[in-house]
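These notes are about the structure you will find just below.
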Amino acid sequence: MNQSAVEPIDMGTWNRGRVGMLCLIFGESMFFSIFVVAYLFYIGKSGHGPQPSEVLSFPYLATACLLSSSITAGLAVRFIARSHRWLAVLVLAITIGLGASFIAFTAVEWYGLIVDHGLTIRTNLFGTTFYSLVGFHAAHVIVGLCMLSLIFCLLVAGAVRSEHAERVEMVTWYWHFVDAVWIVVFSVVYIIGT
Amino acid sequence: MASSEGLSVSTVPKDVDRTWLDHMHEWVSTVDHKRLGVLYIFSGLFFFILGGLEATAMRAQLAIPANDLVEPAEFNRLFTMHGTTMVFLVGMPIVTGFGNYLIPLMIGARDMAFPRLNAWGFWMFFFGGIVLYMSYFASMGLYGAGTAPDVGWFAYSPLTGRAFSRGNATDYWILGILISGFGSMSGAINMLTTTLTMRCPGMTMRRIPLFVWMMLVVSFLMLLALPVLTAAQVMLLFDRFLGAHFFDTQAGGDAVLWQHFFWFFGHPEVYILIVPGFAYASEIIPVFSRKVIFGYVTMVAASICIGLVAVGVWAHHMFTVGMGRGLDIWFAIITMVVGIPTGIKLFNWIATMYGGKIRFRVPMLFAIAFIGQFLLAGLTGIMLSGAPFTWQLSDSYFVVAHFHYVLIGGLLFTVFGACYFWFPKMFGWMMSERLGLWHFVLFFIGFHLTFTTMHIQGLLGMPRRIYTYEPDRGWAIWNAITSAGVVLQGLGVAFFLLAIFMAFRQKKPAGPDPWDAWTLEWSTSSPPPEYNFLSLPEVRSRRPLWDLKHPEDPDWEHE
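So the protein sequences, as listed, match chains A and B. Number 200 marks the last residue of the first sequence (the numbering used here); no jumps. Number 560 marks the last residue of the second sequence (the numbering used here); no jumps.
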């Protein structure tokens with residue numbers, strides 16, 4: 007009968023790195039969705055203290071920074087794959103700069119909320135849900151920045167070459183995910199919430 | 002073709018000069034999926050003994066009415082630690098352990114997809130467990146209140162608020178489970194990725210053993226459910242340490258939200274624990290019936306259905322909080338729907354046995370007992386899915402009996418079966434049939450004495466989690482029987498431990514394939530070498546080892 011050689015399993019481009027990263031992203035989305043649900047559930051239920059519509063303003067610049075950093079991150083992978091090392095260094099530096107300015111905008115926003123409006127995590131339900139949702143997102147941005155900075159250093163040192171492009175791409179998948187979470191957070195907190 | 006062709010016979014090199022410290026170092030620093038699997042299973046068994054002792058203390062207290070062996074506060078700690086231990090530190094690691102050990106072997110891979118992540122996951126689980134038990138020694142905290150957590154394994158709010166849970170006992174519960182949860186999540190990522198990307202040539206998704214399919218569903222559920230618990234626990238931590246108000250009813254927070262979050266995790270968790278039971282049974286029953294599994298494709302479909310439906314039934318744990326008629330009806334109906342794929346599985350196992358040449362060895366005995374007991378557990382589950390029925394019996398011993406029927410009659414029996422079935426593969430020595438039989442008979446009788454009678458106490462109105470009861474309630478005789486059963490179960494477990502001990506002592510060699518089985522793990526030596534397979538196997542059917550042993554009638558001609 008059919009004794010010919012057995013075909014190896016071909017998963018196409020779906021190697022273990024991609025599948026593993028996708029699994030991680032799935033788990034992370036479950037984590038965030040619970041905080042989103044809590045935020046939506048508690049909208050308008052704060053008895054006292056500042057309300058979202060009084061103190062929140064649209065973070066246009068922060069959003070623009072974070073969303074455009076996804077594009078530069080994608081470019082970085084492309085440049086690394088094509089061995090354009092210094093172009094990759096440049097766009098990666100821009101990516102890190104954009105991500106860092108997002109964090110800076112968040113810091114300014116939080117400073118205003120805490121100092122000017124007296125809104126902390128213990129003030130009311132809005133403070134509780136706002137700081138935990140936005141804070142966890144910001145924490146993920148910081149983790150992403152750490153990974154990108156590490157790649158940046160390795161790239162400058164010449165340790166990241168074109169054969170590592172796919173590994174760098176996995177980090178950018180995480181970065182894109184953090185971006186996508188921001189779109190949800192932005193819609194929930196700054197559009198629906200106000 | 003010689004029947005032994007393709008069976009790699011290399012053994013692990015034995016080095017007699019190594020000290021115990023070297024061995025220790027090897028086990029602690031290992032990234033081998035087999036060693037990690039064994040570590041998972043044995044630490045699960047260790048916590049199983051702890052959780053069992055806690056249960057024994059509770060049953061000793063409840064054996065006679067108006068008893069004062071255990072004081073009320075201690076009783077609360079006992080049932081909290083018992084539930085938490087059994088779910089998170091026994092069920093989860095044993096499930097992950099067997100998955101870890103067997104998935105790469107069954108799909109013809111040399112290790113998991115991420116071996117170091119695998120080791121990280123194990124140690125996170127293990128130290129999470131240690132953190133939980135540290136509470137007994139360390140949680141006097143700043144306030145000098147409490148030792149072990151006493152809020153129940155589902156830790157309902159507002160009981161877990163600062164005002165009602167003083168001291169740090171509840172924080173130990175949160176942190177211990179949170180840490181071990183990270184371990185389980187990484188294990189789930191690993192199992193999913195390994196199954197999807199590491200299969201050997203010819204091992205298509207239509208050919209992987211049912212065990213692997215079911216663990217795929219389990220890993221998916223872990224990845225879906227555990228982050229939810231983590232998020233809810235983080236909220237609780239924020240409430241307790243930062244003064245947030247997620248579950249703080251005085252500031253407008255909602256205690257029922259915790260219940261929704263917890264059970265959105267908690268119900269999939271039930272399936273995370275029971276579907277591996279199905280997985281073990283689906284491997285054991287065909288081998289000891291000498292037949293292929295009946296309805297492979299329907300089994301896979303039923304597992305996936307269970308996995309999907311499991312996500313939509315969580316609030317049947319909450320019929321008594323007043324969700325309203327619409328939600329009650331929705332969750333009652335969806336819960337009843339679970340009975341359909343589960344029923345399909347039961348019929349498939351019975352159909353596999355039907356007309357087979359059944360060998361009543363110890364693993365098979367446990368698997369057969371599982372079928373009957375799980376049927377009963379499912380039937381009481383259907384009863385409880387009716388919301389009005391739950392209004393009568395919620396928080397009674399009927400519920401306790403139901404979920405112990407699921408988790409002991411369902412999961413634990415198959416875990417015991419799996420231990421006897423795969424122990425020869427893991428260590429290369431057979432476990433004693435005679436001791437195994439004693440274990441089975443004692444545990445079987447003890448289980449039914451304890452948990453079958455428990456239904457009656459529940460119907461008679463005995464609430465769960467009470468530390469004692471008055472003699473005139475008519476519960477005394479049933480409680481006495483329930484507690485007597487614990488003695489037999491304890492004896493059964495003692496025989497189990499003795500059987501493990503004697504297997505290591507007697508060293509009765511098992512050979513690569515003691516049960517004349519068909520899946521790939523039996524094609525390599527026992528215990529398998531570090532690299533599992535000398536040359537990667539090539540698979541042409543669902544029973545690759547059968548094909549090797551029976552070249553005159555291979556399976557691929559019939560599939």
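Beta carbons: idealized from backbone N, C-alpha and C, even for Gly.
Proximity to residue i [Cα-Cα], best of the options
{"i": "residue 180 of chain B", "options": "B:344, B:28, B:127 and B:530", "result": "B:127"}
{"i": "residue 155 of chain A", "options": "A:129, A:120, A:179 and A:103", "result": "A:103"}
{"i": "residue 483 of chain B", "options": "B:475, B:531 and B:448", "result": "B:448"}
{"i": "residue 36 of chain B", "options": "B:530, B:560 and B:306", "result": "B:530"}
{"i": "residue 369 of chain B", "options": "B:341, B:411 and B:345", "result": "B:411"}
{"i": "residue 338 of chain B", "options": "B:399, B:353 and B:313", "result": "B:313"}
{"i": "residue 292 of chain B", "options": "B:533, B:439, B:237 and B:349", "result": "B:349"}
{"i": "residue 78 of chain A", "options": "A:190, A:142, A:185 and A:194", "result": "A:185"}
{"i": "residue 189 of chain B", "options": "B:200, B:228, B:241 and B:357", "result": "B:228"}
{"i": "residue 341 of chain B", "options": "B:380, B:361 and B:354", "result": "B:380"}
{"i": "residue 431 of chain B", "options": "B:57, B:475 and B:515", "result": "B:515"}
{"i": "residue 212 of chain B", "options": "B:279, B:257 and B:469", "result": "B:279"}
{"i": "residue 193 of chain A", "options": "A:105, A:139 and A:128", "result": "A:139"}
{"i": "residue 520 of chain B", "options": "B:285, B:311 and B:438", "result": "B:285"}
{"i": "residue 169 of chain B", "options": "B:71, B:58 and B:136", "result": "B:136"}
{"i": "residue 71 of chain B", "options": "B:469, B:436, B:542 and B:543", "result": "B:469"}
Residue range of the unbroken alpha helix (DSSP H) whose run includes residue i
{"i": "residue 80 of chain B", "result": "73-85"}
{"i": "residue 550 of chain B", "result": "545-550"}
{"i": "residue 295 of chain B", "result": "Taken as a continuous stretch (DSSP letters only), residue 295 of chain B belongs to no alpha helix (DSSP H), as it is neither H nor E."}
{"i": "residue 144 of chain A", "result": "131-162"}
{"i": "residue 196 of chain A", "result": "Neither: residue 196 of chain A is in no alpha helix (DSSP H) and is coded neither H nor E."}
Burial state of residue i (16 or more Cβ within 10 Å)
{"i": "residue 325 of chain B", "result": "exposed"}
{"i": "residue 197 of chain B", "result": "buried"}
{"i": "residue 89 of chain A", "result": "exposed"}
{"i": "residue 473 of chain B", "result": "exposed"}
{"i": "residue 327 of chain B", "result": "exposed"}
{"i": "residue 159 of chain A", "result": "exposed"}
{"i": "residue 204 of chain B", "result": "buried"}
{"i": "residue 377 of chain B", "result": "buried"}
{"i": "residue 407 of chain B", "result": "buried"}
{"i": "residue 191 of chain A", "result": "buried"}
{"i": "residue 434 of chain B", "result": "exposed"}
{"i": "residue 24 of chain A", "result": "buried"}
{"i": "residue 546 of chain B", "result": "buried"}
{"i": "residue 260 of chain B", "result": "buried"}
{"i": "residue 34 of chain A", "result": "buried"}
{"i": "residue 139 of chain B", "result": "exposed"}
{"i": "residue 323 of chain B", "result": "exposed"}
Assigned secondary structure, residue i (DSSP; H/G/I helix, E/B strand, else coil)
{"i": "residue 516 of chain B", "result": "coil"}
{"i": "residue 536 of chain B", "result": "coil"}
{"i": "residue 93 of chain B", "result": "helix"}
{"i": "residue 7 of chain B", "result": "Legend: pLDDT at residue 7 of chain B = 44, less than 50; position of this residue unreliable, value from coordinates given subsequently. Residue 7 of chain B: coil per DSSP, three-state reduction."}
{"i": "residue 76 of chain A", "result": "helix"}
{"i": "residue 2 of chain B", "result": "The predicted model places residue 2 of chain B with a pLDDT of 35, which falls under 50 and marks its position as unreliable; any figure quoted below should be read in that light. Coil at residue 2 of chain B, not helix or strand."}
{"i": "residue 154 of chain B", "result": "coil"}
{"i": "residue 121 of chain B", "result": "helix"}
{"i": "residue 92 of chain A", "result": "helix"}
{"i": "residue 136 of chain B", "result": "helix"}
{"i": "residue 476 of chain B", "result": "coil"}
{"i": "residue 530 of chain B", "result": "coil"}
{"i": "residue 264 of chain B", "result": "helix"}
{"i": "residue 430 of chain B", "result": "strand"}
{"i": "residue 397 of chain B", "result": "strand"}
{"i": "residue 464 of chain B", "result": "strand"}
{"i": "residue 56 of chain A", "result": "coil"}
{"i": "residue 14 of chain A", "result": "coil"}
{"i": "residue 253 of chain B", "result": "coil"}
{"i": "residue 159 of chain B", "result": "coil"}
Nearest-angstrom Cβ-Cβ length linking residue i and residue j, presumed shorter than 8 Å
{"i": "residue 73 of chain B", "j": "residue 471 of chain B", "result": "Incorrect: roughly 15 Å between the Cβ atoms, too far for contact."}
{"i": "residue 288 of chain B", "j": "residue 518 of chain B", "result": "5 Å"}
{"i": "residue 308 of chain B", "j": "residue 222 of chain B", "result": "6 Å"}
{"i": "residue 446 of chain B", "j": "residue 489 of chain B", "result": "5 Å"}
{"i": "residue 200 of chain A", "j": "residue 59 of chain A", "result": "4 Å"}
{"i": "residue 116 of chain B", "j": "residue 32 of chain B", "result": "4 Å"}
{"i": "residue 53 of chain A", "j": "residue 253 of chain B", "result": "5 Å"}
Short CB-CB distance (under 8 Å) between residue i and chain E
{"i": "residue 121 of chain A", "result": "Of the protein chains in this structure, namely A and B, none is chain E."}
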